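Visitor: Read top to bottom, the protein sequences are chains A and B.
Numbering-wise (this note's numbering), the first sequence opens with residue 1322 and increments by one.
Numbering-wise (this note's numbering), the second sequence opens with residue -1 and increments by one.
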Amino acid sequence: MDMKQPPASLSYGATAVMVGAAGLVGLFVAPRWGVASVDLLFLPAVLAAATLFGRRPAVFAALLSALAYNYLFVSPIHSLRVDRLNDLVTIAVLLAVALVVSHLAAAMRSQAQLAAAAAARNATIAGLAGKLLSARIVEDIAEVATHELAALFECNATMLAPGSDGFEILAREPAGNPLTPSDVAAATIALDTGEPAGRGAPRLNPADWLFYPVRREHAGLAAIGLARDDGGRPVDDARRPLLENLLDQVALAMARVVLEREVQSVAGLRERDRLRSALLSSVGHDLRTPLTAIVAAAAELNTRSCPPELVATIEAEADTLRRYIDNLLGMARIEADGVRVHREPIDLVDAVGAAVHDLRGRLGGRIVQIDLPPDLPLVRADPNLLHHMLINLFDNAVRHGGDTLHIAGLANGSDVELVIEDDGPGLPEEGGATLTRFGRIAGSDRTGGAGLGFAIVRGFAEAMGVAVEASNRTDRPGARFALHFADTTPIAGKDDAGCAT
Amino acid sequence: MPAAPPKLLVVEDDQQIAALLRSTLTRAGYKVVEARDGRAALSAREIDRPDLILLDLGLPDHDGLDLIGQLRGEPATRIIIVSAREATEQKVTALDLGADDYVTKPFDTGELLARIRAALRQKLASETERQVVQANEIRIDLLLRTVTRDGAAVHLTPKEYALLAELAKWPGRVLTHKHLLSTVWGPAQAGQTEYLRVAMRALRQKLEATPSQPTLLINEPGVGYRFLAEA
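(1) Residue 1705 (chain A) versus chain B: which residues are under 8 Å apart at the beta carbon?
(2) I need the boundaries of the beta strand (DSSP E) containing residue 1541 (chain A), first residue and last residue.
(3) Is there a Cβ of chain A sitting closer than 8 Å to that of residue 12 (chain B), yes or no?
(4) So what's residue 1805 (chain A) in DSSP terms, helix, strand or just coil?
(5) Counting only beta-carbon atoms, is residue 1812 (chain A) nearer than 8 Å to chain B?
(6) Note down, one range per segment and in chain order, each alpha helix (DSSP H) of at least 4 residues found wholly within the region 1679 to 1741 of chain A.
(7) Within 10 Å of its beta-carbon, does residue 1497 (chain A) have 16 or more other beta-carbons around it, so buried, or fewer, so exposed?
(8) What do you reckon, are the CB atoms on residue 1481 (chain A) and residue 1543 (chain A) nearer than 8 Å?
(9) Is the beta carbon of residue 1676 (chain A) closer than 8 Å to that of residue 1743 (chain A)?
(10) Does residue 199 (chain B) have its Cβ less than 8 Å from a Cβ in chain A?
(11) Using the beta-carbon of each residue, which ones in chain B are nearer than 7 Å to residue 1691 (chain A)?
(12) Throw me the rounded Cβ distance for the residue 157 (chain B) and residue 197 (chain B) pair, which I believe falls under 8 Å.
(13) Between the region 1572 to 1590 of chain A and the region 1607 to 1627 of chain A, can you find at least three pairs of beta-carbon atoms closer than 8 Å?
(14) With a 10 Å radius around its C-beta and 16 neighbouring C-beta atoms as the bar for buried, classify residue 76 (chain B) as buried or exposed.
(15) If we define contact as Cβ-Cβ less than 8 Å, is residue 1741 (chain A) a contact residue for chain B?
(16) Per DSSP, what are the beta-bridge partners of residue 157 (chain B) in this structure?
(17) Going by alpha carbons, who is nearest to residue 1710 (chain A) out of A:1688, A:1686, A:1741, A:1725?
(18) Got a sec, what are the start and stop residues for the beta strand (DSSP E) residue 174 (chain B) sits in?
(19) Got a sec? Which residues, its chain only, sit under 7 Å from residue 1464 (chain A) by beta carbon, not counting five neighbours each side?
(20) Do residue 1477 (chain A) and residue 1489 (chain A) come within 8 Å of each other at the CB atom, strictly closer than that value?
(21) Which first and last residues belong to the alpha helix (DSSP H) in which residue 1411 (chain A) is found?
(22) Check whether the Cβ atoms of residue 1655 (chain A) and residue 1780 (chain A) lie closer than 8 Å to each other.
(23) Give the DSSP bridge partners of residue 51 (chain B), in chain order.
(24) How about residue 47 (chain B) and residue 98 (chain B): are their beta carbons less than 8 Å apart?
(25) Give a yes or no on whether the minimum CB-CB distance between residue 1612 (chain A) and chain B is below 8 Å.
(26) So what's residue 1614 (chain A) in DSSP terms, helix, strand or just coil?
(27) Please list the partners that residue 18 (chain B) has in chain A, where partner means a Cβ-to-Cβ separation under 7 Å.
(28) Give the C-beta separation of residue 1364 (chain A) and residue 1422 (chain A) to the nearest angstrom, bearing in mind that I take them to be a contact with Cβ-Cβ under 8 Å.
(29) For a cutoff of 8 Å on Cβ pairs, would you count residue 1666 (chain A) as touching chain B?
(30) In terms of alpha-carbon separation, which member of B:3, B:40, B:27, B:85 lies closest to residue 10 (chain B)?
(31) Determine, using beta carbons only, whether residue 1729 (chain A) and residue 1692 (chain A) come nearer to each other than 8 Å.
(32) DSSP three-state call for residue 1812 (chain A): helix, strand or coil?
(33) Looking only at its chain, what residues have a beta carbon closer than 7 Å to the beta carbon of residue 1758 (chain A), apart from the 5 residues adjacent to it on each side?
(34) Restricting to Cα atoms, I'd like to know which of A:1635, A:1628, A:1704 is closest to residue 1661 (chain A).
(35) Give the residues of chain A in contact with residue 56 (chain B), contact being defined as C-beta atoms less than 7 Å apart.
(36) Using the beta-carbon of each residue, which ones in chain B are nearer than 8 Å to residue 1674 (chain A)?
Here it is as structure tokens:
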């Protein structure tokens, strides 16, 4: 805060008294030790005037000292005439030194004043920052901010922030009437333009409050309104920088609160994902263990000459159950966004072979025709997801198809297409649809586990960036599924050391 | 004097499955010892000295993967882990940690017995030098470094031969992609799966009856390759 300047009359009066005192001391000293150093006795008075009262009284002290010295000690004494030239020089030097001293001392004084003002300002800012630290929500920030600003600038304060419908009043000091539409308009202008708006601002506005924006990195976070009951300017220009600094502190606090909330929600999400993963693994284990026992027991039955059809039923249904469990868990993973894709170069010969091997029971006596050309490019995909997809597609073809399953790989420029065709009745009327409208397919004959199977195929395909198409064959009745792989690696042109030939 | 039947340690915490495994394996001619958890497994290994350990990775008191190192011991006991089908990372880690092979739950009895045979065969093989591997019409002479098909010589590039030889040294057993790449192309190429795929294509073209439906050189998705021979 600024140091209050003492009234002018007191300054000059006290200065005159001090100069007078210096003169009296000189009169006492002169008869005993000579006149020679009496002039220097006036310097303390000048210094005191400079330090206590500032520049102008110091200059006054310097002039007065020169005159007093002339009058009291320079012959002819008790007159302002000067007889000897060296006395005139002495007076001139006294005046000069006094002026220099007064200048220096006054400069030091004003610097000290500035430093004190800056320290006081920083203390205020730090005080507000400290009080804002404990605020955890925006409403608390508003309470502290309005309370402190109102006390500091001795006016009323209010803080508004943009809410879900228009502005919300976060806090008012003192609590009072609601704001008028002009007030809200002024707050909006302040927030949008970054300039104060409202009563007394350059853009005239019939508002009661003068609103200052609270901004951080060019984004308007809130508006703080100040008003005096007597209608005067709440913050004068001298204290404007202080207000700006305080508003910055409020903006910082608001940004911090937002970040804290985000960190908490991220931590919450991570924990939820972790729990979900653990749950899925545990459920998977718990479901598969009894199933394993059933399958193993059925295998045992087989060898002890029980009716083979019964054993076949147990094995087939256990197999179906296993596939349902795999699909359910896969679906849960997709919905929890827990599908992790590990891409690697895959030879479709391997992928098709593994799926056919796993389904060998169900494929039974059917004809499986596999056409994969020797130079078919490798596809980059996740081996697990692809395996799961193929199992569902082959299983579906077998369940609703006829006796033949035809799997073919084609190269289309740098893309690879894997086509799976059966010779069953085909997809229902809307069969020309792609699997993005799988809902219709799910409502058809091909329901039961197939609906879930298609959902798996679509979900995993999306996760890997593979396009899936479902349609009917054109050469004969039957369904046709095609997987399009765009991420491929060519085989031709590389020798087995992996170098291009 | 007939050799004693191989002794198998089954580490499985589910009662039903353990009982079924015991009866299946006993009927196949093995001697079976059981353990319900990790601690029992470790002590059974010391006391019973099994030839092969069947380890279920979902054990209650231990993380199964940790047990692999401890169960292997010196001289190394063969280990086959039992795991879920989509847990490929777990399988690869287990193989890297020293497991010899894996079966997935629910298991196919035929596959289980074949893999036990393959893993036990290693034990015999390391005691007598393995030189010739025969798989149907394919004959691989590891000493002379020749490969014939129906008696006719098959020409393989050096890398193709190295890959085939490594697989043939462990017939019936799975070898991870990383292991094959490191062994044939060097450790720096351990991530270059394309090299492996290209070489496999070539081998299948030259050795398989129907290259697009291999019966000899089988891939385990996400894990590795297996040379399916009962030699």
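All C-beta atoms in this analysis are idealised placements derived from N, C-alpha and C, irrespective of residue type, glycine included.
It should be emphasised that the depicted structure is a prediction, and the values quoted were computed from it without experimental measurement.
Guide: Taking the structure as given:
(1) 84, 86, 219, 220
(2) 1540 to 1548
(3) yes
(4) For residue 1805 (chain A), the three-state secondary structure derived from DSSP is strand.
(5) yes
(6) Runs of the alpha helix (DSSP H) lying entirely within the region 1679 to 1741 of chain A, each at least 4 residues long, are 1681 to 1684, 1704 to 1721 in chain order.
(7) exposed
(8) yes
(9) no
(10) Put simply, the CB of residue 199 (chain B) is near chain A, with a gap under 8 Å to one of its CB atoms.
(11) What residue 1691 (chain A) touches in chain B: 210, 211.
(12) 6 Å
(13) no
(14) buried
(15) no
(16) For residue 157 (chain B), which the question treats as bridged, DSSP gives no partner whatsoever.
(17) A:1741
(18) 172 to 174
(19) 1492
(20) No, the Cβ-Cβ distance between residue 1489 (chain A) and residue 1477 (chain A) is not below 8 Å.
(21) 1406 to 1454
(22) yes
(23) B:7, B:77
(24) no
(25) yes
(26) Helix at residue 1614 (chain A).
(27) 1614, 1617, 1618, 1621
(28) 6 Å
(29) With a threshold of 8 Å between beta carbons, residue 1666 (chain A) makes contact with chain B.
(30) Comparing Cα positions, the closest option is B:40.
(31) yes
(32) coil
(33) Below a pLDDT of 50, predicted positions are generally treated as unreliable, and residue 1758 (chain A), at 38, falls in that range; the measurement from the model is reported next regardless. Nothing listed; no residue qualifies.
(34) Of A:1635, A:1628, A:1704, the residue nearest in Cα terms is A:1704.
(35) 1606
(36) 211, 212, 216, 217
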